[in-house]
């Protein structure tokens, strides 16, 4: 592993306790928190993303999309958490948001974490073959609006206390049973715990940060309406019932889909069910005192080489045969199949050009960022990690939220054994994102780097 890391020297992991006093024999950390919510719903006519085969661009809005910022400060150090109701952003777009914030209010880039919810009913925002084209005008406005939400939150700081609790949900369902070779395992890799960090402010409503791993795919490829999906409805339920601001962090959902799927009525049902579970848990919380800290690690993941030319040629020939068959069907042809075939052909052309120019890479660099907020921790991964990776990262520390789609999105991050099993996430999905799939050694590097970033923030793992 080639990894570089930096822990903020003002963080609590360095032993500094700012503005603290003794209260009944316990250290009380004086923190301030602010929040801001801004609507980021796209205009009608933009392409939706997350699926191939959409019947048309966006033509209606079921519920609005939002950028929600949480800023926490101890008077000397500031952490910013930004959650966006989007499929994902790339590292360059995250960098633009960070630069605007840094230029206007001085908060350093390594203190800003940008996470996306991974709704599949949102606008195209990143290059994802066959899944819509981003609208540059909307993207530019989105980046400015997202940055402004952080800036406004930083101007609304007031004294806050931290609390922790959990809730239960059976929404997430393991989606790779069709390739799983270890059928005798006692349990499938499915998460039932919703992790919840509550920021209670002195004068203003609380902020509820919650996380659960499950794709935003209740609705399918036929949907042409904008929606924050089940996650958005869950947050809406929390906000309407409690008056709090609800901020969602998508977990390690790379191999997890909603158990119930269908139209918007299912989105509402599942979202409200999750929201009510969280509301019930808010009456049974534990103090989560502590300081704040941040750590960023740059890790290099090995890449698998693309197929040799003879295999590319075979894929090319087979793709053209399938495309011709679908075209012969006329209006009865499957648009999703056609889009995926065109994706394969575009990917083959890109690989061949990269081979000619020597642009095939052996590694890809990613950012793994961790925050300490009181006695809880958040670590962000820039991709679609499998749920088991999240378990490995948090093993030995219950108060760790592992967020996917954070500070970028390079594609799926499977477990090593998934490479033997194969399947969509391992064998094909990388063609949507770029040229090459990460190697199976990536699991170890991701887990080790994430745990190191957490340790840099003061996280103690109890084995």
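In the working numbering, the protein residues as written are 2 to 464. All C-beta atoms, glycine included, are put in the ideal place defined by N, C-alpha and C.
When the Cα of residue i is compared with those of the options, which residue comes out closest?
i	options	result
residue 344	357, 367, 320	320
residue 87	71, 172, 122	122
residue 385	101, 38, 120, 110	120
residue 49	62, 37, 380, 39	62
residue 140	177, 94, 117, 162	94
residue 388	241, 225, 379, 414	414
residue 442	301, 205, 46	301
residue 115	221, 260, 382	382
residue 450	390, 464, 327, 412	390
residue 78	138, 158, 65, 448	158
residue 80	89, 138, 34	34
residue 240	206, 216, 223	206
With DSSP run on the structure shown, which of helix, strand or coil describes residue i?
i	result
residue 210	strand
residue 318	helix
residue 324	helix
residue 429	coil
residue 232	helix
residue 339	helix
residue 156	coil
residue 193	coil
residue 27	At residue 27, the pLDDT of 45 sits below 50, so the modelled position is not reliable; the number obtained from the coordinates is stated separately. Strand, per DSSP.
residue 36	strand
residue 406	coil
residue 226	strand
My guess is that residue i and residue j are in contact by the Cβ rule of under 8 Å, so how many angstroms apart are they, rounded?
i	j	result
residue 293	residue 75	6 Å
residue 155	residue 106	6 Å
residue 326	residue 353	Not a contact, Cβ separation roughly 24 Å.
residue 298	residue 397	Between residue 397 and residue 298 the Cβ distance is about 18 Å, and since that is not below 8 Å, they are no contact.
List the residues that DSSP assigns as beta-bridge partners of residue i.
i	result
residue 46	According to DSSP, residue 46 bridges with nothing at all.
residue 217	120
residue 81	72, 113
residue 437	In the DSSP output, where bridge partners are listed per residue, residue 437 has none listed.
residue 365	302
residue 458	Bridge partners of residue 458: none, in fact.
residue 175	257
residue 248	210
residue 379	372, 402
residue 165	198, 287
residue 385	413
Below 6 Å CB to CB, which residues in the same chain sit around residue i once its five sequence neighbours on both sides are set aside?
i	result
residue 231	219, 268, 271, 272
residue 130	344, 347, 433
residue 377	165, 198, 289, 400
residue 438	305, 431
residue 210	198, 248
For residue i, which residues from the same chain have a beta carbon less than 8 Å from its beta carbon, with the 5 sequence-adjacent residues on both sides left out?
i	result
residue 316	308, 345, 349
residue 285	166
Excluding the 5 residues flanking residue i on each side, which residues of the same chain have their C-beta closer than 7 Å to its C-beta?
i	result
residue 175	189, 190, 191, 256, 257
residue 146	39, 41, 68
residue 355	361, 436
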